[in-house]
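Participant:
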Amino acid sequence: MSDHAVLHVKGRVLVGPEDVRDELWVVGGRVTYDRPVDPAETVTVEGWALPGLVDAHCHVGLDAHGPVDAATAEKQALTDREIGALLLRDAGSPSDTRWIDDREDLPKIIRAGRHIARTRRYIRNYAHEIEPDDLVAYVAREARRGDGWVKLVGDWIDREAGDLTACWPREAVEAAIAEAHRLGARVTAHCFAEDSLRDLVEAGIDCIEHATGLTEETIPLFAERGVAIVPTLVNIATFPGLAAGGEKKFPRWSAHMRRLHDRRYDTVRSAYDAGIPVFVGTDAGGSLPHGLVAAEVAELTRAGIPPLAALSATTWGARDWLGRPGLAEGAPADLVVYEADPRQDVRVLAAPRRVVLNGRVVA
């Protein structure tokens, strides 16, 4: 396909959950619903078209040991592209991946800067590890560096307690979140357990990652404040293995992780039923491989979220939440084409027919 060719997508174009059109064209890398006049070259793709999928929690430039080189980060981004994940919210990375913004063949990234964690309370080589007195300054730093998000580590294992505990005092997160909002950034936090959630939400946080510790007491609070969750169920599936590995040294922590895992589907469904916004994220790039977005959508449906809502959590709804366009007139042509209607069976997402990024067929 040459740079001057017009791409014609025909079949069924899912502009929104109920807004279905017969065709669109891509001219100059952008979506239009107006038929071009006598284009010199037209390439036609047929099928069911969706906006490029969103992975709202992944890590480009990071692996299980810390930052990776540019070649590895490129492979991570390409793996996401192949499955149709064309918009990534990078939920914390120690690597500088700004060079990806100059590559029209790689997914678009919304960065949260580097994780901010309590000293010796997170995975080695991942985060800024600081004490509460420095939290506001580091949040301001990452708010200026990121793309409108800041990532905190809200809880982690406390080796003295032998279990998950909250990382930050209430007054520290209140001041830090206020500073991020003053600078125009939203704040999210890694939280597995129950203890940190009320303080973070009442302090004004915008999102919680994982959110396995939601309870009957905190779910109404999240719903009232409109705090979103990104459950990362493909990551929560690793909890039994983690628990087994820590059984001898931290039996309380291991038992806690198993309980959180056992109720994971009920937690997510209860959150959805209460009206909490739920979005698709995989946590790829730490210990998990990239390219798992279709698997995460399937996990949300296993939790009892209706297929159309699970689909929206990685397409229309997720893009609205992140402030990025879908298949609107004039939007960048980032879309994925499938053999069948993904609204009827989300498993279709695992096998895209064509992936179009910035108007070019890339996969």
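Per the working numbering, the sequence shown runs over residues 91 to 453.
Glycine included, C-beta positions come from ideal geometry on N, C-alpha and C.
What is the rounded straight-line gap between the Cα of residue 203 and the Cα of residue 109?
Facilitator: When rounded, the distance between both Cα atoms is 35 Å.
Participant: Give the single residue among 118, 252, 438 and 396 whose Cα lies nearest to the Cα of residue 194.
Facilitator: Of the candidates 118, 252, 438 and 396, the one whose C-alpha sits nearest the C-alpha of residue 194 is 118.
Participant: Write down every uninterrupted run of the beta strand (DSSP E) in the segment 231-263 whose length is 3 residues or greater and which is fully enclosed by it, in chain order.
Facilitator: Qualifying beta strand (DSSP E) stretches, in chain order: 239-243, 245-248 and 253-256.
Participant: Checking the sheet assignment: what are the DSSP bridge partners for residue 104?
Facilitator: DSSP lists 110 as partners of residue 104.
Participant: Residue 131 and residue 95 look like a contact to me (Cβ under 8 Å); what is the Cβ gap, rounded to whole Å?
Facilitator: That pair is a contact at about 4 Å.
Participant: For residue 289, name the three-state secondary structure that DSSP assigns.
Facilitator: Residue 289 falls in the helix class under three-state DSSP.
Participant: Touch check for the segment 262-274 and the segment 182-201: three-plus C-beta pairs under 8 Å?
Facilitator: These segments do not touch.
Participant: Which residue marks the beginning of the beta strand (DSSP E) containing residue 428, and which one marks its end?
Facilitator: Where residue 428 is concerned, the enclosing beta strand (DSSP E) stretches over 425-428.
Participant: Let's test the definition: count the other Cβ atoms within 10 Å of the Cβ of residue 189 and tell me whether it reaches 16, buried, or not, exposed.
Facilitator: The residue in question, residue 189, is exposed, as its Cβ has fewer than 16 Cβ neighbours within 10 Å.
Participant: May I ask you to list the residues that DSSP assigns as paired with residue 198?
Facilitator: DSSP output for residue 198 lists 177 as bridge partner(s).
Participant: Residue 246 and residue 211 - do their beta-carbons sit closer together than 7 Å?
Facilitator: In this structure, residue 246 lies closer than 7 Å to residue 211 by Cβ.
Participant: Taking the C-alpha atoms as reference points, what is the distance between residue 358 and residue 273?
Facilitator: Distance between the alpha carbons of residue 358 and residue 273 is about 31 Å.
Participant: Which residues does DSSP list as the beta-bridge partners of residue 145?
Facilitator: 178, per the DSSP bridge assignment.
Participant: May I ask which residues mark the beginning and end of the beta strand (DSSP E) holding residue 300?
Facilitator: It spans 297-300 - the beta strand (DSSP E) in which residue 300 sits, taken as one unbroken run.
Participant: Whole-angstrom Cβ separation of residue 320 and residue 146, contact assumed at under 8 Å?
Facilitator: With a Cβ gap of about 5 Å, residue 320 and residue 146 count as contacting.
Participant: I'd like the list of long-range same chain contacts for residue 256, defined as Cβ closer than 6 Å, with 5 residues on each side in sequence excluded.
Facilitator: So the list reads 245, 285 and 286, once near-sequence residues are dropped.
Participant: State the start and end residues of the unbroken beta strand (DSSP E) segment that holds residue 219.
Facilitator: That run of the beta strand (DSSP E) goes 218-220.
Participant: Under 7 Å, do residue 403 and residue 370 count as touching if we go by C-beta distance?
Facilitator: Yes, the pair counts as a contact, with Cβ atoms nearer than the cut-off.
Participant: Starting from residue 319 and walking both ways along the beta strand (DSSP E), at which residues does that stretch end?
Facilitator: Looking at the DSSP string, the run of the beta strand (DSSP E) that includes residue 319 is 318-320.
Participant: Tell me residue 447's beta-bridge partners as DSSP assigns them.
Facilitator: In DSSP, residue 447 forms a bridge with 450.
Participant: Just reading off the alpha helix (DSSP H) that residue 333 is part of, what are its end residues?
Facilitator: That run of the alpha helix (DSSP H) goes 329-336.
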